[in-house]
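Residue numbers (the numbering used here): 1 to 216.
Following: one structure in structure tokens, then a few remarks.
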Amino acid sequence: MLSFARPALPPRTKKAAENPVTYEQGTSSVTFSAPGSEYIMTHRIPPTSKESGVSVLQPPFHYHIYQDEFFRVRSGTGNFYRGTDPKPFVLTDEPGGQAAASVKAGTYHRFENATETKDLVVDIHLTPESYDNEEQFFRNFFGYLDDCKTAKTAPSIFQLFVFLNSADTPLAVPLPSETLGRAASWVLLKAVAFWGRWILGYKETYPEYYDSDKSK
Numbered sequence: 001m002l003s004f005a006r007p008a009l010p011p012r013t014k015k016a017a018e019n020p021v022t023y024e025q026g027t028s029s030v031t032f033s034a035p036g037s038e039y040i041m042t043h044r045i046p047p048t049s050k051e052s053g054v055s056v057l058q059p060p061f062h063y064h065i066y067q068d069e070f071f072r073v074r075s076g077t078g079n080f081y082r083g084t085d086p087k088p089f090v091l092t093d094e095p096g097g098q099a100a101a102s103v104k105a106g107t108y109h110r111f112e113n114a115t116e117t118k119d120l121v122v123d124i125h126l127t128p129e130s131y132d133n134e135e136q137f138f139r140n141f142f143g144y145l146d147d148c149k150t151a152k153t154a155p156s157i158f159q160l161f162v163f164l165n166s167a168d169t170p171l172a173v174p175l176p177s178e179t180l181g182r183a184a185s186w187v188l189l190k191a192v193a194f195w196g197r198w199i200l201g202y203k204e205t206y207p208e209y210y211d212s213d214k215s216k
């Protein structure tokens, strides 16, 4: 193992016992509901700003290998991208607007806060549910990104892929064919995650971010 060759990890902030878990100096958060709930978590994503940049909770293009994902906007307005269509569809709490949508397993997707003034608060559910694994992933992924942002250090792509691999969630390789893109994304995920975990020594979970006894 070549853990000595990797960059130093940022100091980890102890958040394993928090629910809701706050990030970015309290401007964003994730609230976990009980297992078996209609939606297992709620994300609060602030607007992108020149001062704060893009929120660590705003996901890049990705897909879930085995799970469908369901969204319901509680407040605010979000742009949601599905598949290779560059045009988003809008979910909003505005009267007469669409508030809920879903994405099938294997489909590229991402979403973002569509406004400059209001938080996007969105309920999320993944099915088939794997509650403990999902909570572990989201707490570690966002906790690590938030600590990197606070320390003003770039996150390690190897650490991120180790987290993503634990959740069977490849980042989407942008190819014209989504079928080829999914295959390329899977190969990239497995290769980078293997190197990150077994060569560089990155972990899938850290006790500061997730503790199965405290994180409930």
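Quick reminder that beta carbons are idealized off the backbone N, C-alpha and C, glycines included.
Fair warning: this is a prediction, and the values are worked out from it, not measured in the lab.
Where the beta strand (DSSP E) through residue i begins and ends
i, result
"I45", "41 to 45"
"N113", "109 to 113"
"L91", "89 to 92"
"G78", "77 to 82"
"S102", "100 to 103"
DSSP three-state assignment for residue i, whether helix, strand or coil
i, result
"S37", "coil"
"F61", "coil"
"N19", "coil"
"Y131", "helix"
"R197", "helix"
"Y210", "coil"
"E24", "coil"
"G53", "strand"
"R12", "coil"
"D68", "strand"
Beta-carbon proximity check, residue i vs residue j, cutoff 8 Å
i, j, result
"E135", "Y210", "yes"
"A100", "F80", "no"
"V30", "H43", "yes"
"I45", "Q25", "no"
"K118", "P47", "yes"
"H64", "D213", "no"
"D123", "Y39", "yes"
"F158", "G196", "yes"
Integer Cβ distance of residue i from residue j, believed to fall under 8 Å
i, j, result
"P35", "Y131", "4 Å"
"R82", "V54", "At roughly 20 Å, the Cβ-Cβ gap does not stay under 8 Å, so R82 and V54 are not in contact."
key: Secondary structure, alpha helix (DSSP H): runs of 4+ residues fully inside the segment 136 to 192   = The qualifying runs are 157 to 166.
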